[in-house]
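Student:
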Ligand SMILES: Cc1ncc(COP(=O)(O)O)c(C=O)c1O
């Protein structure tokens, strides 16, 4: 397996900054805003109240599981019991534990690309085989039924979806989910639907494949978390909701692995779900304005195509024409050039299984975003 490209790029940018370079990191997958005050206060209150021990049960505080069930019902129209929820150290852990519970050596996991690469590496770590399917940019990077049917073999065990998507920012429309769910329901394939960017949609609405087919729901794990919607990346809380048997294996793996995620963070997460939600509305408006700005400016660059994505907080411009028209060899080389020349850290599309693209995260304060865009414009201008 490979190390996470985004984590590695962000670490490299941080190292250059320590050496005194004015690097702007457009590589991190996290909101730049602080965790909302009410959530921070709930964390402090949890410490003061002595909630500083292991969580019992290890799979998560019952009060948080109940709050998650209410959230899934309210926002997604999904009905779960607290016993079907496992709370983990971020969404990343529940995805990993779900893969560990399911995948045996040689089992295939169908992964539409561009993809959050941890999916592929976690599958490989369990001896599974990632079957990466390139989706069409003209179809907003959504898998279609023909591609799905062509990818299914008797070894197919799992498929992982991510909408809104990291890195493309695109979302699956409800009708596409329906056609995909109907095909998958006829197979034995399990589904992980990673909905961690659910709250960041600027055009269209969030839809979950989990609502589309009752039979498929029995093999579907819904993944979500607090990192993005509540700007809580460092608190490390994520969760999965799914069929009892799969969840019991996930809980067992977590109990032998990390025991539980931070008890204090779990108390803060209850406040996140049950307290005021206006911080999300504020972040969404802020990010939408930034998306509009960066997408239009990058799209205006020669050799770069950057339609505004529907959601998340990334743009994923197509730089294939720029590569073919200049001495830049590929997207990896281009990101190296941007780091050297413009002190901009961005992640090559190859890191998401789709070369020829670059992912820029736009969670930067307005003046830094403006400065970053200007530097990218200048650096790309010099290539001509
Ligand atoms: C698609 C996707 N899933 C999961 C995660 C992991 O989030 P967490 O911080 O909850 O582990 C990320 C983080 O970047 C992500 O982009």
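Residue numbers (this note's numbering): 1 to 384. Built from N, CA and C at the ideal position, the CB exists for glycine as well. These numbers were taken from a predicted model, which means no experiment stands behind them.
For the beta strand (DSSP E) containing residue 223, name the first residue and the last one.
Tutor: Unbroken beta strand (DSSP E) run through residue 223: 220-225.
Student: So, with DSSP's three-state summary, where would you put residue 171?
Tutor: If DSSP states are grouped into helix, strand and coil, residue 171 belongs with coil.
Student: Which of the three DSSP states is assigned to residue 277 in this structure?
Tutor: Of the three classes helix, strand and coil, the one that applies to residue 277 here is coil, per DSSP.
Student: Ligand 1 heavy atoms versus the CB of residue 80: any closer than 6 Å?
Tutor: No, since every heavy atom of ligand 1 falls outside the 6 Å radius drawn around the Cβ of residue 80.
Student: By Cβ distance below 8 Å, which residues in the same chain neighbour residue 2 in space, the five residues on each side in sequence not counted?
Tutor: The answer, listed in chain order, is 117, 121.
Student: Identify, in the order they occur along the chain, each residue of the same chain with its Cβ nearer than 7 Å to the Cβ of residue 217, setting aside the five sequence neighbours on each side.
Tutor: Here the set comprises 210.
Student: How would you label residue 381, buried or exposed, when you count the other beta carbons within 10 angstroms and need 16 or more for buried?
Tutor: Exposed, by the Cβ-count rule.
Student: Select from 93, 348, 182, 134 the residue whose C-alpha is nearest the C-alpha of residue 27.
Tutor: For the residues 93, 348, 182, 134, the minimum Cα distance to residue 27 belongs to 348.
Student: For residue 162, report the span of its beta strand (DSSP E) as first-last.
Tutor: That run of the beta strand (DSSP E) goes 156-162.
Student: Take residue 100 and list the residues in its own chain whose beta-carbon comes closer than 6 Å to its own, dropping the five residues that flank it on each side.
Tutor: Counting only Cβ-Cβ distances below 6 Å, and skipping sequence neighbours, we find 126, 253.
Student: DSSP puts residue 341 in a beta bridge; with which residues?
Tutor: According to DSSP, which records beta bridges pairwise, residue 341 is partnered with nothing at all.
Student: Using 7 Å as the threshold, is the C-beta distance between residue 201 and residue 311 below it?
Tutor: It is a contact, given that the beta carbons lie within the stated cut-off.
Student: Which one of 115, 286, 220 has the shortest CA to CA distance from residue 386?
Tutor: Coverage of the chain is limited to positions 1 through 384, which leaves residue 386 absent and any answer about it impossible.
Student: Under the three-state reduction of DSSP, which class applies to residue 259: helix, strand or coil?
Tutor: Three-state result, residue 259: coil.
Student: With a Cβ-Cβ cutoff of 7 Å, do residue 167 and residue 352 count as a contact?
Tutor: Going by C-beta atoms, residue 167 is nearer than 7 Å to residue 352.
Student: Among 245, 308, 332, which residue has its Cα nearest to the Cα of residue 204?
Tutor: The shortest Cα separation from residue 204 among 245, 308, 332 belongs to 308.
Student: As a quick check of your reading: which residues have a C-beta less than 6 Å from at least one non-hydrogen atom of ligand 1, in chain order?
Tutor: Cβ-based neighbours of ligand 1 within the cut-off: 29, 90, 91, 92, 116, 162, 166, 194, 196, 225, 227, 233, 238.
Student: Rounded to whole angstroms, what is the Cα-Cα separation between residue 354 and residue 236?
Tutor: Those two C-alpha atoms are separated by around 28 Å.
Student: Please report how far the alpha carbon of residue 333 lies from the alpha carbon of residue 45, in whole angstroms.
Tutor: Those two C-alpha atoms are separated by around 48 Å.
Student: For residue 315, which residues does DSSP report across the bridge?
Tutor: BP columns for residue 315 point to 360.
Student: Please report how far the alpha carbon of residue 257 lies from the alpha carbon of residue 69, in whole angstroms.
Tutor: Taking the straight line from one Cα to the other gives about 25 Å.
Student: Which whole-angstrom value is the C-beta distance of residue 150 and residue 172, which I expect to be below 8 Å?
Tutor: With 8 Å as the limit, residue 150 and residue 172 do not qualify as a contact, their Cβ atoms being about 18 Å apart.
Student: What residues match up with residue 193 in a beta bridge as DSSP calls it?
Tutor: For residue 193, which the question treats as bridged, DSSP gives the partners 161, 222.
Student: Can you tell me which residues form a DSSP beta bridge with residue 108?
Tutor: In DSSP, residue 108 forms a bridge with 129, 156.
Student: Between 98, 297, 331, 357, which lies nearest to residue 371 when the distance is taken from Cα to Cα?
Tutor: When only C-alpha atoms are compared, the closest one is 297.
Student: Please determine, among 135, 136, 137, 103, the residue with the shortest C-alpha to C-alpha distance to residue 124.
Tutor: Ranking the options by Cα distance to residue 124, first place goes to 103.
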